[in-house]
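Everything on this sheet refers to the single structure shown next.
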Amino acid sequence: MILNGRKISPGAASGEALVTTMGISFYGGVDAETGRVVEKGHELEGQSVAGKVLVFPTGKGSTVGSYTLYRLKKAGLAPAAVVNAEAEPITAVGCIIAGIPCVDHVPIEELRSGMRLRVDGERGVVEAE
Amino acid sequence: MELTPEEREMLAGEHGPATQKAMEILLALGTIYGAERMVPVASVQISGVSFDNLGEAGLEFLTEMAEGGGRVRALTTLNPAGMDIENWQALGIAPDFARNQERVLAAYARMGVVTTCSCTPYLFGNLPRFGEHIAWAESSAVCYANAVLGARTNREGGPSALAAALTGRTPAYGLHLDENRRPGLTVRVEADLGGTRDFGALGVAVGRAVEARPGKPIPYLRGVEAAGVDELKSFCASLATYGGLAMFHMEAITPESSLHAPPPATLTITRRGLDEAIRSLDSAEGEADFVSLGCPHLSLDEVRRLAERLAGRRVRKTFWITTSRPVKRLADEMGYTALIEAAGAVFAVDTCCVVAPIRGRFRTLVTDSAKACYYAASKNGFATRFLPFEDVIEEALR
Chain A
1 MILNGRKISP GAASGEALVT TMGISFYGGV DAETGRVVEK GHELEGQSVA GKVLVFPTGK
61 GSTVGSYTLY RLKKAGLAPA AVVNAEAEPI TAVGCIIAGI PCVDHVPIEE LRSGMRLRVD
121 GERGVVEAE
Chain B
1001 MELTPEEREM LAGEHGPATQ KAMEILLALG TIYGAERMVP VASVQISGVS FDNLGEAGLE
1061 FLTEMAEGGG RVRALTTLNP AGMDIENWQA LGIAPDFARN QERVLAAYAR MGVVTTCSCT
1121 PYLFGNLPRF GEHIAWAESS AVCYANAVLG ARTNREGGPS ALAAALTGRT PAYGLHLDEN
1181 RRPGLTVRVE ADLGGTRDFG ALGVAVGRAV EARPGKPIPY LRGVEAAGVD ELKSFCASLA
1241 TYGGLAMFHM EAITPESSLH APPPATLTIT RRGLDEAIRS LDSAEGEADF VSLGCPHLSL
1301 DEVRRLAERL AGRRVRKTFW ITTSRPVKRL ADEMGYTALI EAAGAVFAVD TCCVVAPIRG
1361 RFRTLVTDSA KACYYAASKN GFATRFLPFE DVIEEALR
């Protein structure tokens, strides 16, 4: 399956999909020390984003969240890539400063946790292997 | 987005890795917001300066950008830092924090940023002209630049403002375009207004009303007879804090108001509405232990008024005067500083009670600033008293 979207942050990476239908706030919603989602009541609460292709509709919360992605990357706990339905500035800027490929305008309802995905941030393409 | 040959070179890394990353950020934002092209920026104001907000990760990012050869291509100034850079010890700032704050400023300086740390860059030389495209990131200054000066900026975040500085560009969307600067709501002000607290209260009332409406229309205020720079600075800070607004028009006062007719949708604000806004922030009971003026940073004229009122008297509470380094230097020259310090008030230059790490140090803040009330409560857990400028000074003397 090949899904065409928009390139948001350059680079390419592969990994196991971790999919949620809920928005993610990186500031306060993801622990930069452990890479786990800590937002109470979130579908992904307790799960680690490290090395995953993180698929979620859109980001939310404080702009400081961009730096959380940067911290996760420095700690080796960042997602391998990010796929959004609609990217917003916090996630987009965070992915760019951290060097995480990001693609949006993808029909994310076609994606399931556990799929192997390849995200190409240069061409704006998500491929399920 | 359509990029010029030079912008494509930046994106390809031909101007170094920092400029490349900066152009990637701007391209992503332009893509998200549907911009068709970049516009040159004449001026930048960067937020993300206080180490209290940036943290180790933010500092690491700035260092990486400085080491990656980043150099500003437009006049760039900084938002307040977490401490007075020359006098932090006297304000009780921890040495560890001070060291990290100095590293942040050193990284900005390496990139050619003018490291004045203030939320009022327009008061000392970072003053864009009417119609100029700029990239500013301090919400009160953004509102002032768009509405009062007629310059054009979106509300930038720290990284996007830095990206604009390092490329000299910003994507043309939002408030850079004529069609997005039109008013959508008339606000009739039926009250006599005077002083920074009244204008702050007006910002609270208008901000809350607009925030609650779909699409957050740009307000067009009618009925304000006169408004000075200090009053508009207070209004802007308040409107940005309570309404998330980056633009307004004020009939016969702001330059673009004459370009538009007042929109049909109308909201009326009376003295009663203003008094309700004031009461909502003036809630503290018991003795106050912290008094502060200078949110946004005091102008030279405000420092003069303060000095005249304090001359020969003695304050009895911790009283922080927050302003920019250039205004403080002028106050030194004029003898205002000596009068203020002789009365026992303390200058906290380069910083303010919003960004300094003061949680837990005080219980109740007294101020003339609605914005300061908001952050005192939400960030530091302080109770607040919201008084006119002169009454704030009297409270410090009581």
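Going down the list, the sequences are from chains A and B. For the first sequence, the residue numbers in the working numbering are 1 to 129. For the second sequence, the residue numbers in the working numbering are 1001 to 1398. In this text, a Cβ means the ideal position worked out from N, Cα and C, and glycines have one as well. Nothing here was measured: the structure is a model prediction, and the numbers come from that model.
From the beta-carbon of A:V93, the residues of chain B found nearer than 8 Å are I1025, A1028, L1029, G1157, P1159, S1160. Taking a contact to require three or more Cβ pairs closer than 8 Å, the stretch 1287-1302 of chain B and the stretch 1310-1322 of chain B qualify as touching.
In the three-state reduction of the DSSP assignment, B:L1078 falls in the strand class. The stretch 1295-1314 of chain B and the stretch 1221-1231 of chain B touch, with three or more beta-carbon pairs separated by less than 8 Å. Relative to B:S1257, the option among B:E1390, B:A1277, B:I1218, B:C1353 whose CA is nearest is B:I1218. Shown here for A:K60: same chain residues with a beta carbon closer than 6 Å to its own, the five before and five after excluded, namely G23, S25 in chain order.
For the stretch 1137-1154 of chain B, the beta-carbon criterion of a distance under 7 Å to any beta-carbon of chain A is satisfied by none of its residues. Given a length threshold of 4 residues, each whole run of the alpha helix (DSSP H) inside the stretch 1280-1329 of chain B is given here in chain order: 1300-1310. Boundaries of the alpha helix (DSSP H) around B:V1142: 1139-1143.
For B:D1230, there is no enclosing beta strand (DSSP E); the residue is found in the alpha helix (DSSP H) stretching over 1229-1243. Residue state for A:M22 is assigned as coil, using DSSP reduced to three classes. A Cβ of chain A is located within less than 8 Å of the beta carbon of B:A1057. For the stretch 9-24 of chain A, the set of residues with a beta-carbon nearer than 9 Å to any beta-carbon of chain B comprises S9, P10, in chain order. The beta-bridge partner set that DSSP reports for A:V126 consists of A:L3, A:V119. In the three-state reduction of the DSSP assignment, A:T68 falls in the helix class. Counting only Cβ-Cβ distances below 7 Å, A:T63 has contacts in chain B at G1157, in chain order. Under the three-state reduction of DSSP, B:V1206 is assigned to helix. B:A1205 has its alpha-carbon roughly 13 Å from the corresponding atom of B:A1191.
Look at B:A1191 here: in three-state DSSP terms it is coil, with no helix or strand label. A Cβ-Cβ distance of about 6 Å is found for the pair B:G1016 and B:G1068, placing them in contact under the 8 Å criterion.
The C-alpha of B:S1378 lies about 46 Å from the C-alpha of B:P1005.
In this chain, the beta strand (DSSP E) harbouring A:C102 covers 102-104. Here A:G15 is bridged, per DSSP, to A:L117. Annotation note: the stretch 1005-1060 of chain B contains the following uninterrupted alpha helix (DSSP H) runs of length 4 or greater, listed N- to C-terminal: 1005-1011, 1017-1032. Going by beta carbons, B:P1171 and B:L1281 fall outside the 8 Å limit. The count of Cβ pairs closer than 8 Å, one atom from the stretch 1072-1085 of chain B and one from the stretch 1199-1213 of chain B, stays below three, leaving the stretches out of contact.
B:P1171 sits in a strand when the DSSP states are folded into three classes. In the three-state reduction of the DSSP assignment, B:M1083 falls in the coil class, being assigned neither a helical nor a strand state. For B:E1060, the C-beta contacts it makes with chain A under 7 Å involve K74, in order along the chain.
The Cβ atoms of B:A1081 and B:S1050 lie closer than 8 Å to each other.
Neighbours of B:I1032 across chain A, judged by C-beta separation under 7 Å: A87, E88, P89, A92. No residue range can be given for B:P1121, since it is assigned to no alpha helix (DSSP H) and is classified by DSSP as neither H nor E. Excluding sequence positions up to five before and after A:L3, its CB lies within less than 6 Å of the CB of V106, V126, all in the same chain and listed in chain order. Taking a contact as a CB-CB distance under 8 Å, the pair B:P1121 and B:T1077 counts as one, their CB atoms being some 4 Å apart.
At least one beta carbon of chain A lies nearer than 8 Å to the beta carbon of B:K1021. Listed in chain order, the non-local C-beta contacts of B:A1147 below 6 Å within the same chain comprise M1247, F1248, T1254, local neighbours out to five positions each way being set aside.
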